[in-house]
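One point on numbering: in UniProt numbering, the residue at position 61 of the sequence shown is 61, and numbering is uninterrupted.
Comments concern the structure below.
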Amino acid sequence: MALLNKIPSWIKNKYALTVLGFAIWMIFFDDRDIITTHFRQPNELKQLQKSELYYQEQIDLTKAELEELKANPATLEKYAREKYFMKRDSEDLFIINK
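Following this line, the structure appears as structure tokens:
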């Protein structure tokens, strides 16, 4: 009992212990803790912005390629032959893998 008398009363208070436990949980263990929100998320945001730029460039290239395919029938035939290995009936197609 002498040991319990030496402990300050605010530590023995169940509401203070609950608030302290909640604060520790929110600071260190929660999904939205301080470490995650201030250190990991900005790095993830930078990576997502880089990938956004990459995919936007890819979209622009694909749109330009699509416009070229719509405008020029010779380009459309070349694209079909190279990408999908299409051929005319009178031709033979040999595919050599390196």
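We put the beta carbon where it would ideally sit given N, CA and C, even for glycine.
On a predicted model such as this, the values are computed, not experimentally measured, just so you know.
I need the straight-line Cα distance from residue i to residue j, nearest angstrom please.
{"i": "N13", "j": "L3", "result": "16 Å"}
{"i": "D89", "j": "N72", "result": "22 Å"}
{"i": "L17", "j": "I7", "result": "13 Å"}
{"i": "E52", "j": "T62", "result": "15 Å"}
Whose C-beta lies closer than 7 Å to the C-beta of residue i among residues of the same chain, with five residues either side of it excluded?
{"i": "M86", "result": "A80"}
{"i": "I27", "result": "D33, I34"}
Could you name the residues of the same chain whose beta carbon sits closer than 6 Å to that of residue i, not counting the 5 residues immediately before and after it, in chain order?
{"i": "A74", "result": "none"}
Can you find the residues in the same chain that come closer than 8 Å, C-beta to C-beta, to residue i, ignoring five residues on each side of it along the sequence?
{"i": "L93", "result": "F85, K87"}
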